[in-house]
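Residue numbers (our numbering): 1009 to 1412. Just below is one structure, and these are the notes that go with it.
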Ligand SMILES: [Fe+2]
């Protein structure tokens, strides 16, 4: 099997080496995709990146709905006594397993698997199947797990009961406490189900691992999203009759629009076309295959749409607007205290589960990202309009409690 070295690059202070091992679609197969039926369904390519030589790696795949595709990432850390800790597993496809077995051959087997969230179904769904591929690993999960629509025991979700434990509130009570500290955010009461996330600090490499709370938005599409650029090019069009064409400029344009979709649902710079009109316009589309959604393209971007994207990049770190408006503001005090507790760690890079990684950032920048809870926000208020409407409906119907 050929191993493709896709490149080495400087990113911040880190030098990243990227590997993608397989060109055979069978190696990308993920059979449990109907559990959370989102793009790319049964075929998931994996990109392994070495962030710190012989110490820390990321494994990236993509996920999305209606071609709004963003990276989803697991982080693997080498333990000093040998063996590996896996934070937030991705789909254990044959390719993903092989890339990880290569690390096991060099550094020892997977010893610990961490599920750091209770609400992120896009992370939770992989942990049971992943753990079954690594039968000697101990699984640790964030406290107060739940499932939807009904609460099921973790064993029903494929978690191995005999080797699954809940992360204790006191991080010094784990077998990896010498090398890692962690802080649990929440649970934050959202009415139907709570939100919680566990940030891990790897002491030796001074790396902070987070799941959904912090992101950094790159100007260019990440490599993993470019393995299949079709979603980028789909969203680079201005109207239904435009051809789907490929160029670096169009990939970038599609990516930046995808970011706006993923972070705001519908930013103020996006108009939607009524469905009936979109159906009529589809008759002029050059491609009307199922892959091209039968030519339906119900979006009209305003001329100034790039201003909204530029605002997302004003600061290096960002709390996703969805979390700002609908989740973390449900318990501002708890969130700010959690961010403060993380301040005792002297980290120099952050590795989140989505968008860019690694991010060169320290605690001050991390703390600054949460000042939206204290009334400071550099993002355009107009872009929050749709989420504020959703928030108002949810509060009015008492589905979620009000912000506090
Ligand atoms: Fe997530």
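Don't be surprised by glycine CBs; every beta carbon is placed ideally from N, CA and C. Values in this document were obtained by computation on a predicted structure and should not be read as measured data.
Here the segment 1203 to 1220 lies against the segment 1349 to 1364, with 3 or more beta-carbon pairs under 8 Å apart. Counting other Cβ atoms within 10 Å of its Cβ, residue 1390 stays below 16 and is therefore classed as exposed. Between ligand 1 and the CB of residue 1243, the shortest heavy atom gap is not smaller than 8 Å. Burial check for residue 1335: the Cβ neighbour count within 10 Å reaches 16 or more, so the residue is buried. The C-beta of residue 1074 has fewer than 16 other C-beta atoms within 10 Å across all chains shown, which makes the residue exposed. In this structure the segment 1073 to 1087 touches the segment 1108 to 1118; the number of beta carbon pairs closer than 8 Å is three or more. In this structure, residue 1128 has its beta carbon less than 8 Å from a heavy atom of ligand 1.
Between residue 1325 and the set 1386, 1142, 1288, the nearest pair of CA atoms involves 1386.
Short note on residue 1267: C-beta not closer than 8 Å to any heavy atom of ligand 1.
Contiguous alpha helix (DSSP H) elements confined to the segment 1302 to 1333 occur at 1313 to 1320, taking only those with 4 or more residues. For residue 1387, no beta strand (DSSP E) segment is defined, and its DSSP state is neither H nor E. Taking one beta carbon from each stretch, the segment 1261 to 1276 and the segment 1306 to 1317 have 3 or more pairs nearer than 8 Å; the two touch. Under the three-state reduction of DSSP output, residue 1074 falls in the coil class, being neither helix nor strand.
With a cutoff of 8 Å, residue 1219 counts as near ligand 1, since its C-beta is closer than that to a heavy atom of the ligand.
In this structure, the alpha-carbon of residue 1125 lies about 14 Å from that of residue 1176. A direct Cα-Cα distance of roughly 14 Å separates residue 1076 from residue 1260. Put simply, of 1323, 1344, 1169 the residue whose alpha carbon is nearest the alpha carbon of residue 1373 is 1323. Under the three-pair Cβ rule at 8 Å, the segment 1237 to 1255 counts as touching the segment 1300 to 1311.
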